[in-house]
Amino acid sequence: MAQTDFILAGLVWVALAVALNAVGGCGTASAAERWQPVPFVRQSTLDAGFKVGGEGGQWPQAICMDSTDGTFLLFGTDVGGIFRSTNGGQFWEPCNIGYNPRGNCGFAIDPNNSNRALAVGANSLEMDCHGIYLTTDKGASWTHVLPKRTKGYRDFREQVAYDETSFDAAAGFSKVAYWTSDRLYKTTDGGKTWAEIPNSGAYGNGFVKVHPTKGYVYIANDRGLYKSTDGGASFAQKAKGPVTGLDVVATHPDSVFACTPDRVLVSTDAGETFTTITPSGLGDKLDFKKIHASPVNPKRMLLENHEGSYQHRKCYSVDGGKTWARSKEEHSQAFLPYNNRQPMFAWHPKDEKVA
Numbered sequence: 008m009a010q011t012d013f014i015l016a017g018l019v020w021v022a023l024a025v026a027l028n029a030v031g032g033c034g035t036a037s038a039a040e041r042w043q044p045v046p047f048v049r050q051s052t053l054d055a056g057f058k059v060g061g062e063g064g065q066w067p068q069a070i071c072m073d074s075t076d077g078t079f080l081l082f083g084t085d086v087g088g089i090f091r092s093t094n095g096g097q098f099w100e101p102c103n104i105g106y107n108p109r110g111n112c113g114f115a116i117d118p119n120n121s122n123r124a125l126a127v128g129a130n131s132l133e134m135d136c137h138g139i140y141l142t143t144d145k146g147a148s149w150t151h152v153l154p155k156r157t158k159g160y161r162d163f164r165e166q167v168a169y170d171e172t173s174f175d176a177a178a179g180f181s182k183v184a185y186w187t188s189d190r191l192y193k194t195t196d197g198g199k200t201w202a203e204i205p206n207s208g209a210y211g212n213g214f215v216k217v218h219p220t221k222g223y224v225y226i227a228n229d230r231g232l233y234k235s236t237d238g239g240a241s242f243a244q245k246a247k248g249p250v251t252g253l254d255v256v257a258t259h260p261d262s263v264f265a266c267t268p269d270r271v272l273v274s275t276d277a278g279e280t281f282t283t284i285t286p287s288g289l290g291d292k293l294d295f296k297k298i299h300a301s302p303v304n305p306k307r308m309l310l311e312n313h314e315g316s317y318q319h320r321k322c323y324s325v326d327g328g329k330t331w332a333r334s335k336e337e338h339s340q341a342f343l344p345y346n347n348r349q350p351m352f353a354w355h356p357k358d359e360k361v362a
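Residues are numbered in my numbering as their position in the sequence shown, beginning at 1, plus a constant of 7.
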């Protein structure tokens, strides 16, 4: 390997100034430590015009973009904490002040106030520091609002969601949100306090979405798809069998998009009935997960098709889920070995070609 090929072959943090005085046989810092990130970057990457980036390499477990202008994003990793961007994903920074878990498995950004967001703590083991965290300053700091000994290991569900219809003008934020963990949990004060919804075990461990104008709650899990019209107090089953993806978009509020391992389900009556689509274009090896429709053009969709070990393919449709194709991937400038692990999706709220 030529010296110019890689400026750095590992993730390194260089201490610029560390002064230690020996006290009782132990080192004591007498000056503040200052650290500078030194990125992974190829010379070819620099030549292509990318002057920054490559300060880490972590498996993503969650991503979320605000629904206003797409400038605020949150990114959760397997065991490397969480990151934020406030300029549409161009630059990222760690945002773990007050956030104690090693990883993350879910986010929700308040659609009525993008300064506020919820995060689900995760790790490979059950930990007291897991559960729900709340930020009111775009991820600059976090508060542990619902401690819960959950695991979250390789948990790729979109499991927390705000109710956009619960906006309180005096408070300036949405008051209601839901979290589907082992059971269904609900907050009515913007995330400060949470309560378990009684007898909600059947609606745990799934995806959760909320109708953007009527407040209906949708749950999809390995038992089926459920709809509540009374704030989660009761549910009616609308589809049976494993439902592996779920989405709603504010621009088409009565549309509900879902997927089973080999079918796409679309509703245009707020989840009362569904049309089943047998998709074409991906062969006969189908294992669909995590369907997402663009809020700008819901006929444009993304999903994951699991085709084997580390073959979690990103796929797209431009005709409402009837035909699909594998997304092409350009990763020649990737600074770490690339493989097809589980993707997480977030559509831009204003541009149907950006996700």
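Using N, Cα and C, we set each Cβ at its ideal position, and we do this for glycine too.
Model, not experiment: these values are computed from the prediction.
- Message: For a minimum of 3 consecutive residues, which ranges assigned as the beta strand (DSSP E) are wholly contained in the region 138 to 194?
- Response: 138 to 142, 150 to 154, 167 to 169, 184 to 187 and 191 to 194
- Query: How close, in whole Å, do the beta carbons of Tyr192 and Ile204 come, if the pair is a contact with beta carbons under 8 Å?
  - Reply: Here residue 192 is taken as the residue at index 185 of the sequence shown, counted from 1. Here residue 204 is taken as the residue at index 197 of the sequence shown, counted from 1. Yes, they are in contact, since the Cβ atoms of Tyr192 and Ile204 sit about 7 Å apart, within 8 Å.
- Task: May I ask you to report which of helix, strand or coil DSSP gives Asp73?
- Result: Looking up residue 73 in the sequence shown gives position 66. In the structure shown, Asp73 sits in coil (DSSP, three-state: anything other than H, G, I, E or B).
- Task: For Gly113, name the three-state secondary structure that DSSP assigns.
- Result: As a position in the sequence shown, residue 113 is number 106, starting the count at 1. Strand, per DSSP.
- Item | the ligand COA heavy atom lying under 6 Å from the CB of Ala147 | No copy of the ligand COA occurs in the structure displayed, which carries no ligand at all.
- Message: Using only CA atoms, which one of Thr220, Ser324, Ser148 and Asp162 lies nearest to Gly288?
- Response: Walking along the sequence shown from the start, residue 288 turns up at place 281. Taking only the C-alpha atoms, the option nearest Gly288 is Ser324.
- Message: Tell me the rounded alpha-carbon separation between Ala341 and Thr280.
- Response: Against the sequence shown, residue 341 aligns to sequence position 334. Against the sequence shown, residue 280 aligns to sequence position 273. Each residue's alpha carbon lies about 44 Å from the other.
- In this structure, does DSSP put Leu343 in helix, strand or coil? Your numbering for residue 343 matches position 336 in the sequence shown. Leu343: coil per DSSP, three-state reduction.
- Which of the three DSSP states, helix, strand or coil, is assigned to Ala55? The count along the sequence shown starts at 1 and reaches residue 55 at position 48. Under the three-state reduction of DSSP, Ala55 is assigned to coil, being neither helix nor strand.
- Message: Would you call the region 63 to 74 in contact with the region 106 to 116, where contact means no fewer than 3 C-beta pairs closer than 8 Å?
- Response: Because the criterion of three Cβ pairs below 8 Å is met, the region 63 to 74 and the region 106 to 116 touch.
- Output the distance between the C-alpha atoms of Leu343 and Thr251, rounded to the nearest integer angstrom. Counted from its first residue, the sequence shown places residue 343 at position 336. Counted from its first residue, the sequence shown places residue 251 at position 244. Each residue's alpha carbon lies about 30 Å from the other.
- Task: Over the uninterrupted beta strand (DSSP E) stretch that includes Asn312, give me the two end residues.
- Result: For the purposes of this step, residue 312 is identified with residue 305 of the sequence shown, where counting begins at 1. Met308 to His313 is the extent of the beta strand (DSSP E) around Asn312.
- Task: Return helix, strand or coil for Asp291, following the three-state DSSP convention.
- Result: In the sequence shown, the residue the question calls residue 291 occupies position 284. Coil.
- Smallest Cα separation from Thr285: which of Ser274, Pro260 and Thr330? Position 278 of the sequence shown holds residue 285. Ranking Ser274, Pro260 and Thr330 by Cα distance to Thr285 puts Thr330 first.
- Less than 8 Å between the CB atoms is what I'm expecting for Ala129 and Gly146, so what's the real figure, rounded? Taking the first residue of the sequence shown as position 1, residue 129 is located at position 122. Taking the first residue of the sequence shown as position 1, residue 146 is located at position 139. About 16 Å; that fails the 8 Å criterion.
- Query: Which two residues bound the contiguous beta strand (DSSP E) that contains Gln318?
  - Reply: Walking along the sequence shown from the start, residue 318 turns up at place 311. Where Gln318 is concerned, there is no enclosing beta strand (DSSP E), given that its DSSP letter is neither H nor E.
- Neighbourhood of Ser173 by C-beta distance below 6 Å, restricted to the same chain and skipping five residues each side: To locate residue 173, count along the sequence shown from 1; it is residue 166. So the qualifying residues of the chain are Ser181, Lys182 and Val183.
- Under a Cβ-count criterion, where at least 16 other Cβ atoms within 10 Å of its own Cβ denotes burial, should Glu336 be classed as buried or exposed? Taking the first residue of the sequence shown as 1, we reach residue 336 at position 329. Exposed.
- In three-state terms, what does DSSP make of Tyr210? Against the sequence shown, residue 210 aligns to sequence position 203. Of the three classes helix, strand and coil, the one that applies to Tyr210 here is helix, per DSSP.
- What number of angstroms, rounded off, separates the C-alpha of Phe295 from the C-alpha of Phe79? Working through the sequence shown from its first residue, we reach residue 295 at position 288. Working through the sequence shown from its first residue, we reach residue 79 at position 72. Roughly 28 Å between the two C-alpha positions.
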